[in-house]
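Notes follow once the structure below has been shown.
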Amino acid sequence: MDDIVYLDNNATTRPLDSVVEAMGLMLAGEYANPSSLHRFGQSVRHRMECARAQVASLVGADPREIVFTAGGTESINLAIRGTLSVSGNKRHLVTSTVEHSAVRNLARQLRREGYDVTEVGVDRSGRLDLDRLTERLRDDTALISVMYANNETGVVFDVESVAALAAERDIPLHLDAVQAVGKVGIDLARLPATLMSISAHKFHGPKGAGALYVRRGARLRSLQYGGRQERDLRPGTENVPAIIGMGVAAEAVANELADGASRVAQLRDRLEAGLRGSAPRVHVNGHGAPRLPNTTNIAFPGVRAEALLLTLSEHGICASSGAACSSGALEPSHVLQAMGLEAELIDSSLRFSLSSFTTDEEVDCALSVIPPIVARLAAIAGNQ
Ligand code: PLP
């Protein structure tokens, strides 16, 4: 797809050429099982351990604290269920109102299974209410699970304060860092989280590959029964090509994190400023809170997000809005609802998410195409 302007990088990113190449080589030639004791198997094992070190280094962890999984959702399930399954009488989970469906729907299911779940709210800018979080912690709280950065608005939670609070109360903390890894610097040597979920396809690695950071001494149990891979936490033969791809991506983004993030932020800020000036009452959701450098979520009051999304798609611009429900229609965003935004803002909001592949020309193109479409759709809606 040469003629598209891809501004949907929080959905997934383009794999780096070096990732594709490394994976191809693994698939074609290095197909031995890393658990095999022969030299061929051990050479694959060695490569896998290098990938573990690359992923660990990206987040300031020890390689022994990285467990490979099949992506963010699986890491999250392992972190939360795996911890609750060894928590005995402690059956209280604390999370937030703006979590990704991977945490949200799991929390709903846990409620059905008799766990007590508290969802802590956010303010109008999407910041987690830390006072409320503190109040809600109990003696039987088994786990706090909150996101590091929000996938829809890019708002970054004050995870340092959450981690300090959790450590003070001796409560395990899981961070869903799927959107944060590779976009902001993370140093688990300083941030006392117990568990952290990572997904490769959000930082130019392959889909279906992820990792769970498990701090040394953390207590949790595998969700599946099988072989002894991944320190007994994730049985089954590892998806070696994808793991190698994730390692290559991790090293590449780590090397250019500081420069890459500021370049992406400049492009995002230019896009945001241009769109802000494009119509009256345009509102940047999450404005005022710390945000990921690549994300902007913008309300165009008077325009329906769905119509805008589809019209932009016809013009080759890929953005995103809310969450598609099973029928393919859009459901109002639970994130924007939790922020207390008015229906008019929620129904007219689109997310634009950039990456290091995003060019000046793409931003120019978006800025020349989007404002007239917004004006046209607003005029049509106004006449109805
Ligand atoms: N958590 C967050 C914040 C996400 O944005 C996503 C994916 O969009 C996930 C979890 C799920 O990750 P995966 O697609 O790797 O299962």
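To get the numbering used here, take the position in the sequence shown, counting from 1, and add 123.
A virtual CB, placed ideally from N, CA and C, is assigned to each residue, including glycine.
Since we're looking at a predicted model, the values are computed, not measured.
- Message: Please classify T482 as buried or exposed, where buried requires at least 16 neighbouring CB atoms within 10 angstroms.
- Response: For this step, residue 482 is matched to residue 359 along the sequence shown. With fewer than 16 Cβ atoms within 10 Å of its Cβ, T482 is classed as exposed.
- Closest Cα partner of G340 within the set S443, R357, P315, G349: As a first step, residue 340 is located in the sequence shown; it is residue number 217 there, counting from the start. Per the Cα distances, P315.
- Message: Taking its Cβ as the centre, do 16 or more other Cβ atoms sit within 10 Å of N133, making it buried, or is it exposed?
- Response: In the sequence shown, residue 133 corresponds to position 10, counting from 1. Under this definition N133 is a buried residue.
- Item | Beta-carbon contacts of T362 that lie in its chain and below 8 Å, excluding the five residues immediately before and after | On the sequence shown, residue 362 is found 239 positions in, with the first residue counted as 1. Note on residue identity: the sequence assigns Asn, not Thr, to residue 362. Only F191, A193, G331, A332 meet the Cβ criterion.
- Query: Just curious, the alpha helix (DSSP H) that G333 is in, first and last residue?
  - Reply: Position 210 of the sequence shown, counted from the first residue, corresponds to residue 333. No alpha helix (DSSP H) contains G333, which is instead part of the beta strand (DSSP E) from 333 to 337.
- Query: Is A225 near the ligand PLP, with its Cβ less than 7 Å from a heavy atom?
  - Reply: In the sequence shown, the residue the question calls residue 225 occupies position 102. A225 Cβ: within cutoff of the ligand PLP.
- Message: In whole angstroms, give me the CA-to-CA distance for S456 and A502.
- Response: As a first step, residue 456 is located in the sequence shown; it is residue number 333 there, counting from the start. As a first step, residue 502 is located in the sequence shown; it is residue number 379 there, counting from the start. When rounded, the separation of the alpha-carbon atoms in S456 and A502 is 24 Å.
- Message: Quick check on G270: does DSSP put it in helix, strand or coil?
- Response: For the purposes of this step, residue 270 is taken as the residue at position 147 of the sequence shown. For the sequence presented, residue 270 should be read as Met rather than Gly. In this structure, M270 counts as strand in the three-state DSSP scheme.
- Item | Three-state secondary structure assigned by DSSP to V279 | Locating residue 279 in the sequence shown gives position 156, counting from the first residue. Here V279 carries a strand assignment [DSSP, helix/strand/coil].
- Distance, Cα to Cα, R168 vs R404? Indexing the sequence shown from 1 puts residue 168 at position 45. Indexing the sequence shown from 1 puts residue 404 at position 281. Rounded to whole angstroms, R168 to R404 spans 56 Å at the Cα level.
- Would S449 be called buried (16 or more neighbouring beta carbons within 10 Å of its own) or exposed? Walking along the sequence shown from the start, residue 449 turns up at place 326. Residue confidence for S449 is low, a pLDDT of 49 falling below 50, so the modelled location carries little weight; the figure read from the coordinates is stated next. By the Cβ neighbour-count rule, S449 is exposed, with fewer than 16 other Cβ atoms within 10 Å of its own.
- Just the C-alpha distance for V148 and A372, rounded to the nearest angstrom, thanks. Position 25 of the sequence shown, counted from the start, is the residue given in the question as residue 148. Position 249 of the sequence shown, counted from the start, is the residue given in the question as residue 372. The question names Val, yet the displayed sequence has Leu at residue 148. One Cα belongs to L148, the other to A372, and the distance between them is close to 15 Å.
- Going along the chain, which residues of its own chain have a beta-carbon closer than 8 Å to the beta-carbon of G383, five neighbours each way excluded? Within the sequence shown, residue 383 is the residue found at index 260, counting from 1. Once the five neighbours on either side are set aside, the close Cβ partners of G383 are V376, S479.
- Item | Entirely enclosed beta strand (DSSP E) segments - the stretch 299 to 332, minimum 3 residues | 318 to 322
- Message: So, under 8 Å CB-CB, A442 and L433 are touching, yes? Tell me the CB distance rounded to an integer number of Å.
- Response: For the purposes of this step, residue 442 is taken as residue 319 along the sequence shown, with counting starting at 1. For the purposes of this step, residue 433 is taken as residue 310 along the sequence shown, with counting starting at 1. Not a contact, Cβ separation roughly 10 Å.
- Message: Any heavy atom of the ligand PLP inside 7 Å of the beta-carbon of S456?
- Response: Along the sequence shown, one-based indexing puts residue 456 at 333. S456: no, Cβ never under 7 Å from the ligand PLP.
- Give a yes or no on whether the C-beta atoms belonging to D252 and V243 are separated by under 8 Å. Counting from one through the sequence shown, the residue named residue 252 turns up at place 129. Counting from one through the sequence shown, the residue named residue 243 turns up at place 120. Yes. Within cutoff.
- Item | Proximity to I440 [Cα-Cα], best of R162, G183, E484 | The sequence position of residue 440 within the sequence shown is 317, counting from 1. For I440, the nearest C-alpha among the options comes from E484.
- Query: Does at least one heavy atom of the ligand PLP sit under 7 Å from the Cβ of T220?
  - Reply: What you label residue 220 is simply residue 97 of the sequence shown in a count that begins at 1. No; taking the cut-off as 7 Å, the Cβ of T220 has no heavy atom of the ligand PLP nearer than that.
- Beta-bridge pairing of I421 - partner residues as DSSP gives them: Walking along the sequence shown from the start, residue 421 turns up at place 298. Under DSSP, I421 forms a beta bridge with V407, L473.
- Message: Mapping the DSSP letters down to three states, classify E454 as helix, strand or coil.
- Response: Against the sequence shown, residue 454 aligns to sequence position 331. E454: strand per DSSP, three-state reduction.
- Report the residue from D293, M171, G425 whose alpha carbon sits nearest the alpha carbon of I367. As a first step, residue 367 must be located in the sequence shown, where it is residue number 244. Answer by Cα proximity: M171.
- Exposure label - L150; buried when at least 16 CB within 10 Å: Locating residue 150 in the sequence shown gives position 27, counting from the first residue. Its Cβ having fewer than 16 others within 10 Å, L150 is exposed.
- Query: Pick from A265, A388, V307, Q302: whose alpha carbon is nearest that of D293?
  - Reply: Taking the first residue of the sequence shown as position 1, residue 293 is located at position 170. Of A265, A388, V307, Q302, the residue nearest in Cα terms is A265.
- Task: Check the DSSP bridge columns for Y129 and list the partner residues they point to.
- Result: One-based indexing of the sequence shown puts residue 129 at position 6. The partner list for Y129 (beta bridge, DSSP) reads C441.
- Query: Do L415 and A225 have their C-beta atoms within less than 8 Å of each other?
  - Reply: For the purposes of this step, residue 415 is taken as residue 292 along the sequence shown, with counting starting at 1. For the purposes of this step, residue 225 is taken as residue 102 along the sequence shown, with counting starting at 1. No; because the gap between Cβ atoms is not below 8 Å, this pair is not in contact.
- Task: Measure the alpha-carbon distance for D392 versus D126 and round it to whole angstroms.
- Result: As a working mapping, residue 392 is identified with position 269 in the sequence shown. As a working mapping, residue 126 is identified with position 3 in the sequence shown. C-alpha separation (whole angstroms): 23 Å.
- Message: Please tell me whether, using a cut-off of 7 Å, the distance from the CB of V301 to the nearest non-hydrogen atom of the ligand PLP is below it.
- Response: Position 178 of the sequence shown holds residue 301. At least one heavy atom of the ligand PLP is nearer than 7 Å to the Cβ of V301, so yes.
- Item | Beta carbon of L130 nearer than 8 Å to that of S491 | Indexing the sequence shown from 1 puts residue 130 at position 7. Indexing the sequence shown from 1 puts residue 491 at position 368. No, these two residues do not count as a Cβ contact at 8 Å.
- Under a CB-based cut-off of 8 Å, is H169 close to chain C? No chain C appears in the structure shown, which is made up of a single protein chain.
- Item | heavy atom of the ligand PLP below 7 Å from H324 C-beta | Start at 1 with the first residue of the sequence shown, and residue 324 comes out as number 201. Yes; taking the cut-off as 7 Å, the Cβ of H324 has a heavy atom of the ligand PLP nearer than that.
- My understanding is that L343 touches T206, with C-beta atoms under 8 Å, so please give their C-beta distance in whole angstroms. Looking up residue 343 in the sequence shown gives position 220. Looking up residue 206 in the sequence shown gives position 83. Contact holds; Cβ gap of about 5 Å.
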